[in-house]
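Before any comments, here is the structure.
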Amino acid sequence: MKLISILGLAALLAGTAATAAKADQLADIKARGKLICGTLGTAEPFSFQHPQTRQIVGYDVDICQKVADSLGVTLELKPIAVEARIPELTQGRVDILAANLGYTTERAQQIDFSYSYFVSQQKLLVTKESGIATLDKLAGKKVTAIKGSSSEQGVRRLIPTAETVTFQDTSSAFLALAQDKVDAFCGSELILVKLAKQSKVPMAVIEKSLFVEPWGLGLRRGETGFKDHVNGVLTKLASSGEIDTVFSKWLGAGTAFDIRRDFPIEEIKG
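Going by my numbering, the first residue of the sequence shown is number 314, and it counts up by one from there.
Here you go:
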């Protein structure tokens, strides 16, 4: 009887500990009074330095601000490199990632993803002088992408005969293309379209997408309470129509991108 009681107590304590563990991050953020969001700070219109204020602003930033507001805490932005996104999260240096984070099965083995809050068409930018107009013409060519990005993974997987050349940021990759050091630049269609418009070298975006990827907020695995809360925030933004206001502010009519949101806020299914 005594043994049964001890075992019962142990099971109760284990269950209590498991419940507490699930709530730990959510409780810790509230107790700290601050949500630390890892973001790129170099990817307009998602997170970039405002030219006048030098503050980091953008679509990703506003989404993170909505999560912070829902918790009644302040938002702290931590600029991170693309390849450092997952390590910064798993090692506890940030609470959440809002950093152009496309879903891949490999990443989903390391971290959890929130519901999708953006869907990216991954395409390729080329110089008009190159004459490259279709994806099959990239076989054996030099294709650049941001180091550690899903764009890089996509090029390696879907254009295996191409030589993949990586850079730390968008401006470096774009400069390499403009200087004919590479033949194409793979990235989100939105970013490529704007680069093409601003370029002094005539450029074009290949019409067919290399692949399509949903973006989610990155979360540490096992933090069920925090994940449920974040998904609840996204669901509420969608049902209230507030997500359209945020989206239009950075990507809609009157911006350099001029697009409408045509994707749902929903669970990402691998």
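Glycine included, C-beta positions come from ideal geometry on N, C-alpha and C.
All figures in this text were calculated on a predicted structure; none of them were measured in a lab.
Next item on the list: Have a look at Ala517, Phe359, Thr418 and Ser462 and flag the residue whose alpha-carbon is nearest the alpha-carbon of Lys582.
Entry: Residue 582 sits at position 269 when you count from the first residue of the sequence shown. The residue with the shortest Cα to Cα distance from Lys582 is Thr418.
Item checked: DSSP beta-bridge partners of Thr457 -> In the sequence shown, the residue the question calls residue 457 occupies position 144. Within the DSSP bridge table, the entry for Thr457 names Val478 and Phe498 as partners.
Check: What is the residue span of the alpha helix (DSSP H) that Thr548 lies within?
Finding: For the purposes of this step, residue 548 is taken as residue 235 along the sequence shown, with counting starting at 1. For Thr548, the uninterrupted alpha helix (DSSP H) run begins and ends at Thr537 to Ser553, by DSSP.
Check: Of the choices Pro358, Ile342, Ile349 and Lys347, whose alpha-carbon is the least far from that of Thr568?
Finding: By one-based count along the sequence shown, residue 568 stands at place 255. Residue Pro358 is the option with its Cα nearest to Thr568.
Margin query: Among the candidates Gly415, Gly545, Asp373 and Phe426, whose CA atom is the shortest distance from the CA of Gly535?
Written below: Start at 1 with the first residue of the sequence shown, and residue 535 comes out as number 222. Closest option to Gly535, Cα to Cα, is Phe426.
Item checked: Pair within 8 Å by beta-carbon distance, Ala412 and Thr457 -> Taking the first residue of the sequence shown as 1, we reach residue 412 at position 99. Taking the first residue of the sequence shown as 1, we reach residue 457 at position 144. Going by C-beta atoms, Ala412 is not nearer than 8 Å to Thr457.
Margin query: Ser463 and Gly529 - do their beta-carbons sit closer together than 8 Å?
Written below: Walking along the sequence shown from the start, residue 529 turns up at place 216. Walking along the sequence shown from the start, residue 463 turns up at place 150. In this structure, Ser463 does not lie closer than 8 Å to Gly529 by Cβ.
Check: First and last residue of the alpha helix (DSSP H) that includes Leu530?
Finding: Position 217 of the sequence shown, counted from the start, is the residue given in the question as residue 530. If you look at Leu530, you'll find it isn't in any alpha helix (DSSP H); it sits in the beta strand (DSSP E) that goes Phe524 to Leu532.
Check: Relative to the alpha-carbon of Ala497, which residue among Ala551, Ala489 and Gly371 has its alpha-carbon at the smallest distance?
Finding: Your numbering for residue 497 matches position 184 in the sequence shown. With distances taken between Cα atoms, Ala497 lies closest to Ala489.
Check: At a cut of 8 Å, does the segment 381 to 395 reach the segment 346 to 358 through at least three beta carbon pairs?
Finding: Because the criterion of three Cβ pairs below 8 Å is met, the segment 381 to 395 and the segment 346 to 358 touch.
Margin query: Please identify the residue among Thr537, Leu451 and Gly354 whose C-alpha is closest to the C-alpha of Ile519.
Written below: Numbered from 1 along the sequence shown, position 206 holds the residue referred to as residue 519. Checking every option, the nearest Cα to that of Ile519 belongs to Leu451.
Check: In whole angstroms, what separates the C-alpha of Thr558 from that of Gly565?
Finding: Here the question's residue 558 lines up with position 245 in the sequence shown. Here the question's residue 565 lines up with position 252 in the sequence shown. Between Thr558 and Gly565, the alpha-carbon positions lie close to 9 Å from each other.
Note to self: Under DSSP, the beta strand (DSSP E) around Asp375 begins and ends at which residues?
What the structure shows: Taking the sequence shown and counting its residues from 1, the one referred to as residue 375 is at position 62. No beta strand (DSSP E) contains Asp375, which is instead part of the alpha helix (DSSP H) from Tyr372 to Leu384.
Note to self: Can you look up Val432 in the DSSP assignment and give me helix, strand or coil?
What the structure shows: Stepping through the sequence shown from its first residue, residue 432 is reached at position 119. Reduced to three states, the DSSP call for Val432 is strand.
Next item on the list: Determine, using beta carbons only, whether Gly531 and Leu402 come nearer to each other than 8 Å.
Entry: By one-based count along the sequence shown, residue 531 stands at place 218. By one-based count along the sequence shown, residue 402 stands at place 89. Taking a C-beta distance under 8 Å as the contact criterion, Gly531 and Leu402 qualify as a contact pair.
Notebook entry, point to check: Hey, Lys454 and Ala475: beta-carbon distance below 8 Å or not?
Noted result: Taking the first residue of the sequence shown as 1, we reach residue 454 at position 141. Taking the first residue of the sequence shown as 1, we reach residue 475 at position 162. Going by beta carbons, Lys454 and Ala475 fall inside the 8 Å limit.
Margin query: Taking 8 Å as the threshold (C-beta atoms), are Gly461 and Val395 in contact?
Written below: Stepping through the sequence shown from its first residue, residue 395 is reached at position 82. Stepping through the sequence shown from its first residue, residue 461 is reached at position 148. Yes. Within cutoff.
Next item on the list: Check the DSSP bridge columns for Lys391 and list the partner residues they point to.
Entry: As a position in the sequence shown, residue 391 is number 78, starting the count at 1. Its beta-bridge partners are Gly351.
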